[in-house]
Amino acid sequence: ENISKSYNGKFLFSGVNLTIEAGEKVGFIGPNGAGKTTLLRIIQDLEAPDQGRVRMGYEVYPSFFSQLTTGEDLTGTPFSQIMEATDLDNTEARTILGRFLFSGDDVFKSMSDLSGGERRRLGLIKLMLSKANFLILDEPTNHLDLDSIEVMEDALASYSGTMLIVSHDRSFLHAVVDRYLALVDKSLQSFQTYEDYVEFKQKASEAGPAEASKPKSAASAKREQNKETQRDLKRKQRNLEQVETDIENMEQRKKELLLLLNDFEVQTDYKKSMEYGQELTEIEIKLSGLYEQWEQLQEQLTFDMKE
Numbered sequence: 001e002n003i004s005k006s007y008n009g010k011f012l013f014s015g016v017n018l019t020i021e022a023g024e025k026v027g028f029i030g031p032n033g034a035g036k037t038t039l040l041r042i043i044q045d046l047e048a049p050d051q052g053r054v055r056m057g058y059e060v061y062p063s064f065f066s067q068l069t070t071g072e073d074l075t076g077t078p079f080s081q082i083m084e085a086t087d088l089d090n091t092e093a094r095t096i097l098g099r100f101l102f103s104g105d106d107v108f109k110s111m112s113d114l115s116g117g118e119r120r121r122l123g124l125i126k127l128m129l130s131k132a133n134f135l136i137l138d139e140p141t142n143h144l145d146l147d148s149i150e151v152m153e154d155a156l157a158s159y160s161g162t163m164l165i166v167s168h169d170r171s172f173l174h175a176v177v178d179r180y181l182a183l184v185d186k187s188l189q190s191f192q193t194y195e196d197y198v199e200f201k202q203k204a205s206e207a208g209p210a211e212a213s214k215p216k217s218a219a220s221a222k223r224e225q226n227k228e229t230q231r232d233l234k235r236k237q238r239n240l241e242q243v244e245t246d247i248e249n250m251e252q253r254k255k256e257l258l259l260l261l262n263d264f265e266v267q268t269d270y271k272k273s274m275e276y277g278q279e280l281t282e283i284e285i286k287l288s289g290l291y292e293q294w295e296q297l298q299e300q301l302t303f304d305m306k307e
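Here it is in structure tokens:
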């Protein structure tokens, strides 16, 4: 209610009001640095707002799952951990583990031998079987292969509790969430679809240039504008094509790294595992920036072509 937060006198957001109903699944989108992580920390009571307050509903039990969540307990096996954490019988435990791609003898692998992705899948199982009924997920698909992402999509789509998910993975959000939130100009906006968010940003960008332009004379200004528009359009198109090429190359390398990190020989080689893991983290950071750049260029081109 009326949440505001600033650093060094500069507001990240101001007067934010948000209500999430029981059972709602909400995607939290927008560029890095807009204040999403800070707002999540305030919601979790890990950071205090400058003003306003956070109230949880009656019998709401929140739990946090982030891109860094890999599970700290390395004792036992996936099967023993599920049995200890829940009241499931043997068959039920193996069934739920199978749904999350732990098949056959995988359920009896030592926790220390599991890959980071496998530990995260197990962590999500334990989270969904826990008392928590409000899941706060920060980039949950990072470092997961495509099969694991699909499993997570299915599990979260059928989850009956409440969720707030920060992610740059649009297809994942589309499969899971009911609506979207975005911090825009220091305020929180709600959108029914991702397309609504893009349209909102387009309209905001249209309003800016209109205020700034001061025509010299109607005819000469129009000619100059047309020439400049065509030059600008070609430049943006070239930039967009370059960004798309960079994204394609990085996505390909990301797939290669995910395969390498799931390879048993790599998992048993600490040095290689660390090197590939570091490269994967760097690529995901770069991809996040490239997707934001692609989105901005796409919006600008769409607007220019309408003119």
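Heads up: the sequence shown is residues 1 to 307, going by my numbering. Backbone N, C-alpha and C define an ideal beta-carbon position, used for all residues, glycine too.
- Membership of Gly27 in the beta strand (DSSP E) is indicated by the continuous run Lys25 to Ile29.
- Contact between Thr162 and Glu279 does not hold, since their C-beta atoms are separated by about 36 Å, which reaches or exceeds 8 Å.
- Arg179 carries a strand assignment under DSSP once its states are collapsed to helix, strand and coil.
- In the DSSP assignment, Leu259 is bridged to no other residue.
- At least 7 Å separates the beta-carbon of Phe191 from that of Leu137.
- The C-alpha of Phe100 lies about 11 Å from the C-alpha of Asp106.
- Following the DSSP letters along the chain, one finds Met163 inside the beta strand (DSSP E) bounded by residues Thr162 to Val166.
- Annotated three-state conformation of Pro62 is strand, per DSSP.
- Nearest to Val176 by C-alpha distance, out of Thr193, Leu183, Leu240 and Ser187, is Thr193.
- Distance from the CA of Leu114 to the CA of Ser273, rounded to the nearest whole angstrom, comes to 12 Å.
- The beta carbons of Glu153 and Phe134 sit no closer together than 7 Å.
- DSSP places Gln189 in the uninterrupted beta strand (DSSP E) bounded by Ser187 to Phe191.
- Cβ-Cβ distances below 8 Å link Asn90 to Met83 in the same chain, with the five nearest sequence neighbours on each side left out; the list follows chain order.
- Every beta strand (DSSP E) of 3 residues or more that sits fully in the segment 94 to 144 is shown, in chain order, as 134 to 138.
- Collapsing the DSSP output to three states places Tyr270 in a helix.
- Sixteen is the threshold: since fewer than 16 other Cβ atoms of the shown chains lie within 10 Å of the Cβ of Ala157, the residue is exposed.
- Here Val151 has Arg99, Phe100, Leu101 and Arg121 as same chain residues with Cβ atoms under 8 Å from its own Cβ, once five neighbours each way along the sequence are excluded.
- The beta carbons of Lys186 and Ser14 sit closer together than 7 Å.
- When secondary structure is reduced to three states using DSSP, Gln51 falls in the strand class.
- Under DSSP, Ser6 shares a beta bridge with Phe11.
- Excluding five sequence positions before and after Leu290, the CB atoms of its chain that fall closer than 8 Å to its own CB belong to Val243, Asp246, Ile247 and Met250, given in chain order.
- For Lys286, the closest of Asn142, Tyr270, Asp269 and Gln298 by C-alpha to C-alpha distance is Asn142.
- If you compare the alpha carbons of Leu74, Arg53, Arg41 and Ser80 with that of Ser63, the shortest gap goes to Arg41.
- Between the alpha carbons of Val60 and Lys255 lies a gap of roughly 38 Å.
- Contact annotation, Tyr197 with Ile29: C-beta distance approximately 6 Å; criterion of less than 8 Å satisfied.
- In the DSSP assignment, Leu40 falls within the unbroken alpha helix (DSSP H) covering Lys36 to Ile43.
- Annotation: Asp169 is outside any alpha helix (DSSP H) and is labelled neither H nor E by DSSP.
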